[in-house]
């Protein structure tokens, strides 16, 4: 019974393509997040949704667009992929948005060639 | 100054050793503090929350010093399975109190 799941696990694509990553949690949490972990292993928040409302939007290129159809799902669409987008993208969820414990998905390893 | 700073290591220790990790944070308004563990090519997993009074979970002890803006993690009787990267995480304060992750400290426990 996976708590936070992401698809796909691996994504290899060419520059300029558009791709989506999906995330689902079955923990009953009301807040979901997208993080990017780069090659230096630095984990940085990109977006956060609380009850389907965007509450954190860090300085991220507008090629990245999150969508939360309901509290249990948060998807990430990336347009016009660039080499620098290569990273591991983690989805996470928590009860509440005030810095509570977060539970992470297994990650999506994106490679842009 | 980084918002959350950790010694990147690696810390190479023999089995059974006691090892301590330190972390400092820059935002005095921070309200929540955690240690996460990340195994190679895996997701971060919550190890323990850190409370002002200090807290212990088996072989792991976490301490918080708000005055010095300093967090520590002590691991006693290290096991091979403790080998991982340990991430210091701080709720950044403010309206959203988003979590700020340190870059992690790599621990390698040797047989």
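Chains as they are written, first to last, in this note's numbering: chain X, 1 to 113; chain F, 114 to 224. For each residue, glycine too, the CB sits at the ideal point set by N, CA and C. As the structure is a computational prediction, the values presented were derived from the model and not from experiment.
- About 6 Å separates the CB atoms of residue 52/X and residue 71/X; that is less than 8 Å, so the two are in contact.
- Where residue 214/F is concerned, the enclosing beta strand (DSSP E) starts and stops at 212-214.
- Residue 122/F has a beta carbon lying at 9 Å or more from every beta carbon in chain X.
- For the pair residue 189/F and residue 79/X, the Cα-to-Cα distance works out to about 48 Å.
- The beta carbons of residue 74/X and residue 15/X sit no closer together than 9 Å.
- In this chain, the beta strand (DSSP E) harbouring residue 137/F covers 132-138.
- With a cutoff of 9 Å on beta-carbon distance, residue 119/F and residue 140/F are scored as not near each other.
- When DSSP assignments are scanned along the region 65-111 of chain X, the uninterrupted stretches of beta strand (DSSP E) that are 3 or more residues long and fall wholly within it turn out to be 73-78 and 87-94.
- CA-CA distance, residue 124/F to residue 221/F, rounds to 6 Å.
- When DSSP states are grouped into helix, strand and coil, residue 170/F belongs to the strand group.
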